[in-house]
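Presented below is the structure to which this report refers.
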Amino acid sequence: MKAVLQKSFDKTLFLDNVKRHLTSTYATTVENATTRAWYLAMSRALAELTTFDLLETEQDERILNAKSVNYLSLEFLIGRLTGNNLLNMGVYESIGEAVAELGLDLSDLLEEERDPSLGNGGLGRLAACFMDSLAAQEFPAVGYGLHYEYGLFKQSFEACHQKEAPDAWCGIEGYPWEVARPELAQQIGFYGYVTTETVDGQEKRKWVPGMTVMGMPWDIPVVGYKSETVYPLRLWECRALAPFSLESFNNGNYFEAQHTLIDAGNITKVLYPNDNHEKGKTLRLMQQYFHSAASIRDILRRHESVGHPLAELPQYETIQLNDTHPAIAIPELMRIFIDERNMSWEEAWEICSRTFAYTNHTLLPEALETWDESLIQRLLPRHMEIIYEINHRFLQEVREKWPGDGDKQQKLSIIQDGFHRMVRMANLCVVGSYAVNGVAALHSALVKQDLFPEFHELYPNRLMNVTNGITPRRWLQYCNPGLSHLISEKIGDNWPVALDELAQLAQWADDDEFQQAFMAVKKENKARLAKWVKTNMDIELNTDAIFDVQIKRLHEYKRQHLNMLHILSLYYRLLNRPDFDMVPRVFIFAAKAAPGYYLAKEIIYAINKIAEKINSDDRVNDKLKVVFIPDYRVSMAEIIIPAADVSEQISTAGKEASGTGNMKMALNGALTIGTMDGANVEIREEVGDENIYIFGLEVEDVNRLKASGYNPFDYYNADPLLKASLDLLNGEEFTPGEPRKLRATYESLLDGGDPYLVLADFASYIEAHGQIDAQYRDTAGWAKKAILNTALVGKFSSDRSIRDYVNHIWKLKSVPR
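The sequence shown begins at -13 in our numbering and counts up one residue at a time.
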């Protein structure tokens, strides 16, 4: 049975394959099989088909001789694959009917899948969307990531505090969609020393690693939409070359016998090991080099196996660095060219600097990655030499441009001077890439203006913009079937690959019948979320209330604590102002805080304590509910996003690079309340001022206020509602008998100087929420705005993002199969 785009789906053959896997792979019988066993057997049967197409795609002569993009990312937050792959393969309904003959429900089977925990947040979700769009549009691509044994962490709440547990996403049975590719394994070195050899009268440097491990690749299929194209997401697992010492074991040294196995296994054990100590920093850099080195070797293997010379690498391969995590790939490729392939520096740099492109994801200086020079020197001694040489030659360029300007040299140097000299990975990426892009129009402008102005002056054509996007297949067609069917009834079913076609819906924005159908779908989605919350958290939600949603990583700049202050202001007014009237609200949070991020975890604790009190307070219960959903992940987002009425995008202006949650919720008919930050700016341009709620300081205002000496106490003392709301955190309202238990957030906003200007934006935020409350009472008016949000955000498809990359950076051609 051929895989994707089933022209004649053979139900009997498929069910025979499922039963075969049930017995031969999972050793159970039809009579004894659990729902999980059926899910695993079904997925294995489907994965066989995609593996067949994966191999055919990678052996296609046209693809081998076309230019490919290699997307290097330490995160790929791909979500559950089975349902999405069924949709892309065009067999969702056929498979549903087939398993029904076995007395099974497809929805129940799909619920058995655990999200592959291969990412942290937007960066990883974006990478997954991009791979989906590359496959959907058939632009040759390989995604390269790491095969983490444990993902970020499984989050739960104990006494309202975040608790972290390992997330063994593969389960004990393994992950049915992945296939091992041992024939493509690579050897990777660490530590050791560098020697000098004389070859043909020339002195050559040679790295002798002190530790060598194996990179074992696992391929996960990225299935094209209704085509036979399947690209690999290739994830490297670290293994020991000689995992067991029989001699040590026989001598009674049982731990020592497995020492190399443990050392190697640690490298891909956990996504982003906690790096607030030296061992964690070393392990994280080892992860980054292991990922980069294995990927570079695989790219060169593919390139040369077809017979292409190395000098033509930029004509056939482009390597996109998703943030600075794979930046060490630049000196690694230089090392291979110079040390192993005997190229001159000039020849190597000519190829290398036309091969890499870099995506910047942050404007926060503290988030720009730097590594201690001595750590790189110890772990990767030859790479540090190459980085020095790259920097030396680059600074000659800087001196030619700005003679005698020491400040410029210090600012642009890859090496940052100080007590501990640091290697600036973002600077290395800019110097070593032919293109650098930001991820939203505002972000890219600020990259040129504030983050890298000197680089922009030196390389005026290198910095550009590619606004992020989301895949409409998963983030509308799959996660919101009710709305998808409604849309297809009106405009046909081509929109999942041409999202701009949604603009046709605007003609029905005032249509009473369409408004009612649109809002009925929203109500169904709210009921689905309410059912999940009742079942899993035992909290009853009113589906007639406004569902106000903030889902993203927990970070001060994303300002979940501003949202919390609004909740406190509503609670205060409901209790103290008898004439205060409000439309019922359900506030929904979902977020993980990094294990070492104390204040972020305190904000989670505060929100949970506030929720605990409000949800049990009969005085406000019909008006206000607060829900913090634990263990936020893609499959949870698929339930929350279609149910959102209000999308909270409230970062301090100039801090959020883009955001993609804002795009997902707008596409599903939520109205955004947001600052002029990231992609909010472009969403506003698309949907119009009247269909979005913009508040707060803009970037120039933020800079001006900070320059003039911002004092949060000025706002606290001048605004009685703000003072009353904030003071609730400092007493024992939410922690009876334990006053000041929530003081960490309170003190960060006052004594801590409120670095993200929460108090400065509070009054404007409250006013915007007042407008939302008034608008929601006008049912038809709200429906119109919601419809227009769905209709007018076609620009934010990741298909368009990929076309922008293809046209302006990668220069690829589609290869239809």
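Just so you know, even glycine gets a beta-carbon here, dropped at the ideal spot from N, CA and C.
No experiment lies behind these values; they were computed from the predicted model shown.
- Straight-line measurement puts the Cα of alanine 777 at about 23 Å from the Cα of aspartate 759.
- Closest by C-alpha distance to glycine 780, out of Gln123, Pro482 and Lys595, is Pro482.
- Around the Cβ of glutamine 536, a 10 Å sphere holds 16 or more other Cβ atoms; the residue is buried.
- Of the candidates Leu365, Ile615 and Tyr558, the residue whose Cα lies closest to the Cα of alanine 710 is Tyr558.
- Shown here, cysteine 146 sits in coil according to DSSP, grouped into three states, outside any helix or strand.
- Following the DSSP letters along the chain, one finds valine 667 inside the alpha helix (DSSP H) bounded by residues 666 to 673.
- The beta carbon of asparagine 466 lies closer than 6 Å to those of Pro628 and Asn654 in the same chain, with the five residues before and after it left out.
- For tryptophan 193, no alpha helix (DSSP H) encloses it; the enclosing beta strand (DSSP E) starts and ends at 188 to 194.
- When the beta-carbon positions are compared, isoleucine 206 and glutamate 164 come within less than 7 Å of each other.
- At least 7 Å separates the beta-carbon of histidine 277 from that of leucine 138.
- In the same chain as valine 409, and ignoring 5 residues on each side of it, the C-beta atoms closer than 7 Å to its own belong to Thr356, Trp357, Glu359, Ile362, Ile373, Ile400 and Ile401, in chain order.
- Annotation: the segment 30 to 109 contains the following complete segments of the beta strand (DSSP E) (minimum length 3 residues), in chain order: 54 to 58.
- With a threshold of 16 other beta carbon atoms within 10 Å, phenylalanine 566 falls short and is exposed.
- Under DSSP, the beta-bridge partners assigned to serine 783 are Ile456.
- Here asparagine 677 is buried, its C-beta having at least 16 other C-beta atoms within 10 Å.
- Judged by DSSP secondary structure, leucine 657 falls outside any alpha helix (DSSP H) and instead within the beta strand (DSSP E) spanning 657 to 660.
- Sequence-distant Cβ neighbours of histidine 289 in its own chain, meaning closer than 7 Å and more than five residues away, are Leu299, Tyr302 and Glu303.
- Glutamine 306 is bridged by DSSP to Tyr57 and Ala343.
- Setting aside the 5 residues that flank it on each side, leucine 40 is surrounded in the same chain by Asp205, Pro207, Val216 and Pro218, each with a C-beta closer than 7 Å to its C-beta; the list follows chain order.
- Counting along the chain, the unbroken alpha helix (DSSP H) around tryptophan 335 starts and ends at 331 to 338.
- Annotation note: the segment 574 to 629 contains the following uninterrupted beta strand (DSSP E) runs of length 3 or greater, listed N- to C-terminal: 610 to 614.
- Valine 801 carries a coil assignment under DSSP once its states are collapsed to helix, strand and coil.
- The residue from Ser602, Gly455 and Arg385 with its alpha-carbon nearest to that of serine 787 is Gly455.
- By the neighbour-count definition (other C-beta atoms within 10 Å, threshold 16), alanine 495 is a buried residue.
- Taking C-beta atoms as the reference points, cysteine 224 and alanine 313 fail to come closer than 7 Å.
- Inter-segment contact for the segment 726 to 735 and the segment 580 to 593 is present: three or more beta-carbon pairs are separated by less than 8 Å.
- For aspartate 325, the secondary structure class from DSSP, reduced to helix, strand or coil, is helix.
- Excluding five sequence positions before and after histidine 147, the CB atoms of its chain that fall closer than 6 Å to its own CB belong to Tyr591, given in chain order.
- Within the DSSP bridge table, the entry for tyrosine 217 names Val208 as partners.
- Considering only Val128, Glu753, Leu610 and Ile553, the residue with the shortest C-alpha distance to alanine 113 is Val128.
- Residue pairing for alanine 166: DSSP places it in a beta bridge opposite Trp204.
- According to DSSP, residue pairing for serine 633 in a beta bridge involves Val535 and Thr658.
- Assignment of beta-bridge partners to aspartate 358 by DSSP yields Met408.
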